[in-house]
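*Asks:* I'd like to ask you about the structure that follows.
2 protein chains.
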Amino acid sequence: ELVAHLRIRLAVKPLAGKRVVITAGPTREPLDPVRFVSNRSSGKMGYALAATAAELGAAVTLVSGPTALPDPVAVDTVRVETAEEMLDAVQERAADADLFVGCAAVSDHKPAERLDRKRKGKGGFALELTPNPDILAAVAALDNGPVTLGFAAETHDALAHGREKRAAKGADWLAVNDVTEADAGFEADTNRVTLLGPDGEETLPFGTKHEVARALLARIAPRLA
Amino acid sequence: ELVAHLRIRLAVKPLAGKRVVITAGPTREPLDPVRFVSNRSSGKMGYALAATAAELGAAVTLVSGPTALPDPVAVDTVRVETAEEMLDAVQERAADADLFVGCAAVSDHKPAERLDRKRKGKGGFALELTPNPDILAAVAALDNGPVTLGFAAETHDALAHGREKRAAKGADWLAVNDVTEADAGFEADTNRVTLLGPDGEETLPFGTKHEVARALLARIAPRLA
């Protein structure tokens, strides 16, 4: 933590005066008080982005789903559980931000019904799932909203899915990674991403999630108003 | 960790020479490489039981689902993900054990189909869930198997459900708790349990999960062959 504070003191500040809102981690979508649907996101990439943005001088809010990670130093961290809660927390803060980074692995679906008692019965059943709100698309659709950077975690045809996703969500930038690679997946400390943006596509150097965070923010910082 | 080692050196050893197998944590049941169904178990109660049993002299194997907890000192810890993997790990070890403690919150169900690529499509859908194996019942059914202690995490009518569960699974002992209580739930550091056993029912003193672990093992140790 001392090192983190020193880094903040000593770094050059290309994001000084900028407000950055970042989402991280998975969301959990409960079907009853005990059980939920979720995903393997560890939150490491989003937390690395939040810490790095703070080092670069930004005022950072991190809206995080459930993770085992400590709050990053000098970052306002808001803990949420579901996609709906994450959307609410983001909507309160995104309109005033300069940059929104949607790094959370938001569950695409949630159980249609949330029981207030533990579901009983051992037989099989069909769990009805309904679509969750699309947080990145909602922020990208704001009038005078922030610049947007999204992430696509893919298991096949990563670039093709990333291009579709950038267009469908209306994001300015989209970082694509193939989470089936052991050194670039949800639980890894390293990552390998291709950044799709207004100027084209660039595969960034392989590195730790902090190094990838610095590379991403170095490219986007000059493009903030 | 030094303290943990000292406790092991200094404790009286009512479980010396005994082999104890303990399950802990949730299980995760994948529907594709990224998404899964799971539950809120933190693993804290099972890890406290494993650490305590080792302090009391037992040779302890902890079969743990995904948790954020470090391996307990002086405990052989085996990490698994799904209920099927947990069952396999337990079956390799339970027949030779003196005591089996089923503290994991094993998912009652798993997705009927596990996709090897990330599921695509934003619309709603019905996720087919099928029953998982019952690990506690499988161990309780072993000929010349270990003494068994199970746990029931309930959200209503806890004692009634616990009595049914003890009978249905054939467990010797069953510890019941109401996980809707803030100081006795999955993520709490404290617990309040009622122990159902061959001699009747006893509500143990409220305490830390380590204190509750000591109280449980103090009652069961004299009953091991």
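As they're listed, the protein sequences go chains A and B.
Residues in the first sequence are numbered from 224 upward in steps of one, following this note's numbering.
Residues in the second sequence are numbered from 224 upward in steps of one, following this note's numbering.
Cβ coordinates follow ideal geometry from the N, Cα and C atoms, glycine included.
Based on the DSSP secondary-structure assignment, which residues constitute the bridge partners of B:Pro-354?
*Replies:* Counting from 1 along the second sequence, the entry for residue 354 of chain B is found at position 131. DSSP, once it has assigned bridges, lists B:His-332 as partnering B:Pro-354.
*Asks:* Can you pull the chain A residues whose beta carbon is under 7 Å from the beta carbon of B:Arg-340, in chain order?
*Replies:* The count along the second sequence starts at 1 and reaches residue 340 of chain B at position 117. Chain A residues near B:Arg-340: Thr-378, His-379.
*Asks:* Let's see if you can read the secondary structure: which residues bound the alpha helix (DSSP H) around A:Arg-386?
*Replies:* To locate residue 386 of chain A, count along the first sequence from 1; it is residue 163. Residues 381 to 392.
*Asks:* Is the beta carbon of B:Leu-350 less than 8 Å from the beta carbon of A:Ala-349?
*Replies:* Looking up residue 350 of chain B in the second sequence gives position 127. Looking up residue 349 of chain A in the first sequence gives position 126. Result yes, Cβ atoms of B:Leu-350 and A:Ala-349 sit closer than 8 Å.
*Asks:* Determine which residues share a DSSP beta bridge with B:Glu-252 and list them.
*Replies:* Locating residue 252 of chain B in the second sequence gives position 29, counting from the first residue. DSSP, once it has assigned bridges, lists B:Val-260 as partnering B:Glu-252.
*Asks:* Quick check: the Cα distance between B:Glu-425 and B:Asp-406, rounded to an integer number of angstroms?
*Replies:* Residue mapping note: residue 425 of chain B aligns to position 202 of the second sequence, counting from 1. Residue mapping note: residue 406 of chain B aligns to position 183 of the second sequence, counting from 1. Taking the straight line joining both Cα atoms gives about 19 Å.
*Asks:* For A:Gly-280, write down the residues that DSSP places opposite it in a beta bridge.
*Replies:* Here residue 280 of chain A refers to the residue found at position 57 of the first sequence. BP columns for A:Gly-280 are empty, so no partner.
*Asks:* Output the boundary residues of the beta strand (DSSP E) element that contains B:Asp-401.
*Replies:* What you label residue 401 of chain B is simply residue 178 of the second sequence in a count that begins at 1. B:Asp-401 -> beta strand (DSSP E) spans 396 to 401.
*Asks:* Can the beta-carbon of B:Lys-341 be found closer than 8 Å to that of B:Pro-421?
*Replies:* The sequence position of residue 341 of chain B within the second sequence is 118, counting from 1. The sequence position of residue 421 of chain B within the second sequence is 198, counting from 1. Result no, Cβ atoms of B:Lys-341 and B:Pro-421 do not sit closer than 8 Å.
*Asks:* At least one CB of chain A closer than 8 Å to the CB of B:Gly-347: is that the case?
*Replies:* Within the second sequence, the letter at position 124 stands for residue 347 of chain B. So, interface residue.
*Asks:* Between A:Phe-259 and chain B, is any beta-carbon pair separated by less than 8 Å?
*Replies:* Here residue 259 of chain A refers to the residue found at position 36 of the first sequence. It does; some Cβ of chain B falls within 8 Å.
*Asks:* Look up B:Val-324 in the DSSP assignment and give the residues it is bridged to.
*Replies:* The sequence position of residue 324 of chain B within the second sequence is 101, counting from 1. Beta-bridge pairing links B:Val-324 to B:Ile-245, B:Leu-372.
*Asks:* Have a look at the DSSP bridge pairing and note the partners of B:Arg-230.
*Replies:* The sequence position of residue 230 of chain B within the second sequence is 7, counting from 1. Answer is none; B:Arg-230 lacks a bridge partner.
*Asks:* Counting pairs of Cβ atoms below 8 Å between the region 241 to 255 of chain A and the region 285 to 297 of chain A, do you hit three or more?
*Replies:* Yes, the region 241 to 255 of chain A is in contact with the region 285 to 297 of chain A.
*Asks:* Pick from B:Pro-289, B:Asn-367, B:Glu-387: whose alpha carbon is nearest that of A:Lys-343?
*Replies:* Residue 343 of chain A sits at position 120 when you count from the first residue of the first sequence. Nearest C-alpha to A:Lys-343: B:Glu-387.
*Asks:* Show which residues of chain B have a CB atom less than 9 Å away from the CB atom of A:Val-402.
*Replies:* As a position in the first sequence, residue 402 of chain A is number 179, starting the count at 1. What A:Val-402 touches in chain B: Pro-256, Val-257, Lys-341.
*Asks:* Residues in the region 261 to 277 of chain A with C-beta within 9 Å of chain B's C-beta atoms, listed in sequence order?
*Replies:* So the list reads Ser-261, Asn-262, Arg-263, Ser-264, given in the order they occur along the chain.
*Asks:* Would you say A:Glu-308 reaches chain B, if we count a Cβ-Cβ gap shorter than 8 Å as a contact?
*Replies:* Numbered from its first residue, the first sequence carries residue 308 of chain A at position 85. Not one chain B Cβ lies under 8 Å of A:Glu-308.
*Asks:* Give, in chain order, every residue of the region 422 to 434 of chain A whose Cβ lies closer than 8 Å to some Cβ of chain B.
*Replies:* Result list empty, no residue passes.
*Asks:* Using a threshold of 8 Å, state whether the C-beta atoms of B:Pro-334 and B:Glu-404 are closer than that.
*Replies:* Your numbering for residue 334 of chain B matches position 111 in the second sequence. Your numbering for residue 404 of chain B matches position 181 in the second sequence. No. Outside cutoff.
*Asks:* Is the beta carbon of A:Leu-238 less than 8 Å from the beta carbon of A:Ala-276?
*Replies:* Walking along the first sequence from the start, residue 238 of chain A turns up at place 15. Walking along the first sequence from the start, residue 276 of chain A turns up at place 53. Result yes, Cβ atoms of A:Leu-238 and A:Ala-276 sit closer than 8 Å.
*Asks:* At a Cβ threshold of 8 Å, is B:Asp-406 touching chain A?
*Replies:* The residue labelled residue 406 of chain B in the question sits at position 183 within the second sequence. No, no contact with chain A.
*Asks:* Comparing the C-beta of A:Glu-351 with each C-beta of chain B, is any distance below 8 Å?
*Replies:* What you label residue 351 of chain A is simply residue 128 of the first sequence in a count that begins at 1. Yes, because at least one Cβ of chain B sits closer than 8 Å to the Cβ of A:Glu-351.
*Asks:* Using a beta-carbon distance cut-off of less than 8 Å, what residues from the region 308 to 338 of chain A approach chain E?
*Replies:* Here chain E cannot be found, since the structure's protein chains are A and B.
*Asks:* Can you check DSSP and say which residues form a bridge with A:Arg-302?
*Replies:* Position 79 of the first sequence, counted from the start, is the residue given in the question as residue 302 of chain A. Paired residues: A:Ser-287.
*Asks:* Quick one: list the residues of chain B neighbouring A:Pro-354, beta-carbon separation under 9 Å, in chain order.
*Replies:* Here residue 354 of chain A refers to the residue found at position 131 of the first sequence. Ordered by position in chain B, the residues that pass the 9 Å Cβ test against A:Pro-354 are Lys-345, Gly-346, Gly-347.
*Asks:* Using a Cβ cut-off of 7 Å, which residues of the region 284 to 299 of chain A contact any Cβ in chain B, in chain order?
*Replies:* Those would be Ala-291, in chain order.
*Asks:* So for B:Thr-378, helix, strand or coil by DSSP?
*Replies:* Start at 1 with the first residue of the second sequence, and residue 378 of chain B comes out as number 155. Of the three classes helix, strand and coil, the one that applies to B:Thr-378 here is coil, per DSSP.
*Asks:* Which same chain residues end up closer than 7 Å to B:Asp-319 when comparing Cβ atoms and leaving out the 5 residues on each side of it in sequence?
*Replies:* Working through the second sequence from its first residue, we reach residue 319 of chain B at position 96. Around B:Asp-319: Arg-242.
*Asks:* Helix, strand or coil for B:Ala-349 per DSSP?
*Replies:* What you label residue 349 of chain B is simply residue 126 of the second sequence in a count that begins at 1. Here B:Ala-349 sits in strand by DSSP.
*Asks:* Is the beta carbon of A:Leu-229 sitting closer than 8 Å to the one on A:Leu-440?
*Replies:* On the first sequence, position 6 is the one that residue 229 of chain A refers to. On the first sequence, position 217 is the one that residue 440 of chain A refers to. Taking 8 Å as the Cβ cut-off, A:Leu-229 and A:Leu-440 do not qualify as a contacting pair.
*Asks:* A:Ala-394 and A:Leu-418 look like a contact to me (Cβ under 8 Å); what is the Cβ gap, rounded to whole Å?
*Replies:* As a working mapping, residue 394 of chain A is identified with position 171 in the first sequence. As a working mapping, residue 418 of chain A is identified with position 195 in the first sequence. With a Cβ gap of about 11 Å, A:Ala-394 and A:Leu-418 do not count as contacting.
*Asks:* Can you find the residues in the same chain that come closer than 6 Å, C-beta to C-beta, to B:Phe-259, ignoring five residues on each side of it along the sequence?
*Replies:* Along the second sequence, one-based indexing puts residue 259 of chain B at 36. Excluding positions up to five away in sequence, the list reads Arg-251, Glu-252, Pro-253.
*Asks:* Going by CA-CA distance only, name the one from B:Glu-307, B:Arg-415, B:Val-329 that's closest to B:Ala-398.
*Replies:* On the second sequence, residue 398 of chain B is found 175 positions in, with the first residue counted as 1. Checked all of B:Glu-307, B:Arg-415, B:Val-329; the closest Cα to B:Ala-398 is B:Arg-415.
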